[in-house]
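Note that my numbering numbers the sequence shown so that position 376 is 361, with each residue one more than the last.
Think of the CB as a built atom: it goes at the ideal place given N, C-alpha and C, for glycine as much as any other residue.
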Amino acid sequence: MKSRPLVLSAAVAGCLVGFLAVGLTGFRYQEAPAVGKEGRENTRAGVATGEPPSSGVGKSRESRVPDKRRTFAAFLKDAPVLFERNKPYKDLERMDAGQLKSVILEALSQNSSTAAMADRQAASGVMSAAARELYEREGEKALEWAAAEVPAEQRSSVLSTLLTSVAKDSPDLMKAWADRYRGEYGDEWATGFIPAAVEGAAARGAGELLRVRELLANGVRAVSLARLDIYPDDFDFHLLITKSRPDFGFQDTVAYWAARDKEAAWNGVREVMTANEGDGATYFGAMFRGVLAMEGDEKAAAWLVGKLGEVPEAGRERALQSLGIYPLGSDAISALVRAFPDTADRVSYASFQLSSFRPGSGVAALRALDSPQLQAEALTAAATRAAAHFRPGPQGEQTRALFNSTMDQLQLDPQAREKVMAVLAGSPRPQE
């Protein structure tokens, strides 16, 4: 079997960590943490399976027993667990700070662009776990080590890994260090830790998340809060949504809130729309996705349509449009069309579905109108919007093909087709 340089991840007490050329044959691997229900519960609490909880920065490691069977190769073998959960592995917890630093540097050498993707991902998982453990052990001293002792060509990578761990627990410290190196490594590098900071803040509550969003200013706007498992059971969604400016990044948050408590979510969204002259109307579609997941097509559609009359007039059209932001199944689309009591709303919604340029969605909505005349009205409305942005060339041909294909499937009569295509070409919309 091929040999490759490995670092002993836990040396006999008193010995230095060394880089050895060791064959992979003959090493026994310790089992990875459990991935069943018990393992997940322990991991959720931040505890490696079978080990006592971590106590934070400066925690004692006197009880660790070094195990010289553990090698960097063994960590790579177990890295899928590390990469998925990013939790301190119990073997890393047995190391002293010097050994952890050696593991970080060794993992970095394995994470080169010439390495296989699987090896790079595994090394990245090991490096993240080791950095997390080092930061919990030494706090800001870990960053000072990277700044002072890591070779310049590796410093940005090591700082990045450490700051990702720092960001979850101490966004203020992360920002200070990111700003310190922003001029040297660039804005993209300095803002790369914001998702971790947002995730950590959300786990601590809505008030902290609001504070961190303010601390990190515009950098947070691009962060989606789609990781639904980051919200604790007592998370105050109303505080977060009503005290924040409407933001597309909250789409999944609102959907999750509506799945938990649809009436509370609606009260919060209505408050946002009222306070912001209709802004926040895009949350309307997000609420539908949440209720749809819990109650099914017909009940979700009936509930949502019943709220449309309470939407401020300034946001009504955007609320209808928001129902086309994310793909929906044909049954959900048809249920919405049928649920609208007002014909004009049914036609508007169907036209917005076609304008989303998802052919299946448009056809499902138009068929649910169950009237050639209403189908032609919806197609004409969609063509009017498309004509305003119509450009000759490939994009224009794709738009024409979408309308032609849709009308083929609906078997729209030739006269109605001609009117729709004339509007798409830029002719004035025919008067009824």
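The three-state secondary structure of Lys75, taken from DSSP, is helix.
For Met159, the secondary structure class from DSSP, reduced to helix, strand or coil, is helix. Residues of the same chain with a CB within less than 6 Å of the CB of Leu158, apart from the 5 flanking positions on each side, are Val151 in chain order.
A Cβ-Cβ separation of about 4 Å places Ala349 in contact with Ser315 under the 8 Å criterion. Counting only runs of at least 4 residues, the segment 131 to 181 fully encloses the following alpha helix (DSSP H) elements, listed from N- to C-terminal order: 137 to 154, 156 to 170, 172 to 175. When the beta-carbon positions are compared, Gly300 and Met272 stay at least 9 Å from each other. The closest CA to that of Leu409, considering only Arg255, Ala373, Ala132, is found on Ala373.
For a cut-off of 8 Å, the C-beta gap from Trp251 to Lys292 is around 6 Å, short enough to register as a contact. By the Cβ criterion, the segment 279 to 293 is in contact with the segment 310 to 330, since at least three pairs of Cβ atoms, one from each stretch, lie closer than 8 Å.
Take the alpha-carbon of Leu85 and the one of Ser141: they are about 18 Å apart. Cβ atoms of Ser341 and Gly309 come within 8 Å of each other, at about 4 Å. Taking every protein chain shown into account, the CB of Phe178 has 16 or more other CB atoms within 10 angstroms, so this residue is buried. The C-beta separation of Gly263 from Pro297 comes to about 5 Å, placing the pair in contact by the 8 Å criterion. Rounded to whole angstroms, Thr99 and Ser113 show a C-alpha spacing of 20 Å. Taking a 10 Å sphere around the C-beta of Pro377, we find fewer than 16 other C-beta atoms and assign the residue as exposed.
Excluding the 5 residues flanking it on each side, Glu283 has same chain C-beta neighbours closer than 6 Å at Ala320, in chain order. Put simply, of Ala371, Gln394, Gln396 the residue whose alpha carbon is nearest the alpha carbon of Thr384 is Ala371. In the three-state DSSP reduction, Val296 falls in the coil class, being neither helix nor strand. In the displayed model, Leu313 falls within coil according to three-state DSSP, outside both helix and strand.
Going by DSSP, Phe342 is part of no alpha helix (DSSP H) at all; its letter is neither H nor E. One alpha carbon belongs to Ile226, the other to Ala278, and they sit about 21 Å apart. Relative to Ala317, the option among Ala353, Leu119, Val111 whose CA is nearest is Ala353.
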